[in-house]
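Student: Numbering (this note's numbering), first residue to last: 23 to 466.
We treat Cβ as the ideally placed atom computed from N, Cα and C, and that holds for glycine.
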C-alpha cells in the first residue's frame, strides 16, 4: 500500500556521454577504470570505511572538498580536474552549461554537480554502503560513479549519519526516515509540476519550449513553496506529537483503537473506458479534493488516496460516522460524480510511517466492497462504540422505550442520538469469516 521505494530520481540530462542524473548509489567498482582505476586492490564501496588513512571515514568531515584536495587515488579530485577520467560524463562540458535544462537543475538544487557518489560519501565521512542505502531509500536510482551530486547531497548524508552517530536514531530508523521523506516528497513534486504546467500555453502556440516556460515559473515559486512546505510540515508534526502525548502508554502509540474507513467510487472501471484521460483525471482530482476537505474539516485524518478510493481514520467513531455520511451526501448532490460506497470498522490498528495496518483495516475494506451504492456499512464493533458514546441507540425499539420512560418521568432523558443503525444480513467475508454488517444512517 506504499509507493515504490525505487521511484525514479531527478530527470536525466539526455546528451550523449553525459552523466545520468537519477541519483547516487551503486557500487563504485561498477564505474570501472573510469573512476577508481588506481584504487588499492580490494578497496570497494562497501569497505572503503575500513581502508585506513585512505578510507572514507578519515576524510575531514568539515570540508566537503577534502577528498578532492587530498588527490586520493581512489577518487581523483572533486572539482572537475582536466585529467579526471571519472568525469567523462560531467555535464560541465563546454556548451552544456548554457542550456536551460542545466540552468533549471542548478536553480532547483542551488549548486552545480561536483561529486561522484564515492566522493560525496568520502566528504561526508560515511561508508559508500551506508550512503547507497540512504539514497535508495529516498527513491533514487543507482548511477554508478559519475559526477551528479552537489554540496547539498554531501550535507544531507552528513546530517543523517550524524543523527545515527549521536544515538538519536538507529541506522534502520534513519533509513526509514529517508524512505518516508522520499516517498512523500516524490509524489508532492510530481503533483506540483503537473498542476503548475497544466494551464500554461502549449509550446507550439507560444514558440517556447516546455523548459523555457518552466524556468521562470520555478524561479518565482521555489522560495515561496519551500517556506510553505516547512510551515505545513511543522503544523503536521505538532498535530502528530499531540496525538502521541495523549496516548496512554507506548503500546497505544503503535497499536491504537481507531475507526478506519474506505470510500470507493462505484463503477470506476467502467468510467475509465468511457471517459477521456483528461476527464478522468479531473474526476479523480475532484473526488480526492472533496474527500480530503471533508475528512479534515470533521477532525479525521486522510491516510491515503488511491484514485477511485480514499482511506481515512478517526479517533472517535462518531467523527468517522459523520465523515462517511457527509461523503455520501456531498457526492450525491454532484451530478458529475458517480455513486459512492463507504465501509467503516472500529478496533485495534497498527500505525507505521503514516499508514495503518491490521484486521480492522482489512474489515473496513471488505465492508466497502459489499456495501450497496450510496450507503455506509459498519462492523459490529463500530456499532457498539456508537452506542457506548451515545451517538446511536443499540436499537430503535430501545430508543423509543427510553424516550417514553423519560416522558413519563420514570427514566433519564435519552441522549440526542445523531445516527441510526440497522443490522443487515450475515455473510461470509474472505479471510475474515462470517460478518454481520450494520447499515449506518442519520436519525430523523
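Would you report the Cα separation of residue 134 and residue 210, rounded to the nearest angstrom?
Tutor: Each residue's alpha carbon lies about 24 angstroms from the other.
Student: Just to confirm, is the Cβ distance from residue 282 to residue 170 under 7 angstroms?
Tutor: No, Cβ-Cβ distance for residue 282 and residue 170 is not below 7 angstroms.
Student: Would you call the segment 305-314 and the segment 343-359 in contact, with 3 or more CB pairs under 8 angstroms?
Tutor: In short, these stretches touch, since the Cβ pair count reaches three.
Student: Mapping DSSP to helix, strand and coil, what is residue 337?
Tutor: Coil at residue 337, not helix or strand.
Student: How far does the alpha helix (DSSP H) with residue 154 in it reach, from first residue to last?
Tutor: Where residue 154 is concerned, the enclosing alpha helix (DSSP H) stretches over 150-159.
Student: Which class does residue 463 belong to by DSSP, given the choice of helix, strand or coil?
Tutor: Strand, per DSSP.
Student: Use the C-beta contact count for residue 413: other C-beta atoms within 10 angstroms, 16 or more gives buried, fewer gives exposed.
Tutor: Buried.
Student: Thinking C-beta only, is residue 405 closer than 7 angstroms to residue 443?
Tutor: Yes, the Cβ-Cβ distance between residue 443 and residue 405 is below 7 angstroms.
Student: Based on the DSSP output, what are the partners of residue 16 in its beta bridges?
Tutor: In the structure as shown, the chain begins at 23 and stops at 466. Residue 16 is therefore absent and cannot be evaluated.
Student: Can you pull the DSSP bridge partners for residue 239?
Tutor: Residue 239 is not bridged to any residue.
Student: Am I right that residue 390 and residue 363 are in contact with their C-beta atoms under 8 angstroms? What's the rounded C-beta distance?
Tutor: Sure, about 6 angstroms apart at Cβ, within 8 angstroms.
Student: Please work out which residues of its chain come closer than 6 angstroms, Cβ to Cβ, to residue 155, disregarding the five sequence neighbours upstream and downstream, and give them in chain order.
Tutor: Closer than 6 angstroms at the Cβ level, and outside the excluded window around residue 155, lie 197.
Student: Which stretch, first to last residue, makes up the alpha helix (DSSP H) that contains residue 315?
Tutor: Residues 299-319.
Student: Residue 122: which of 453, 350 and 239 sits nearest, CA to CA?
Tutor: Of the listed residues, the one whose Cα sits closest to residue 122 is 239.
Student: Between the beta-carbon of residue 403 and the beta-carbon of residue 365, is there less than 7 angstroms?
Tutor: No. Outside cutoff.
Student: Quick one: give me the first and last residue of the alpha helix (DSSP H) that residue 175 is part of.
Tutor: Taken as a continuous stretch (DSSP letters only), the alpha helix (DSSP H) holding residue 175 covers 173-187.
Student: Between the alpha carbons of residue 426 and residue 420, how many angstroms are there, rounded?
Tutor: Cα-Cα distance, rounded: 10 angstroms.
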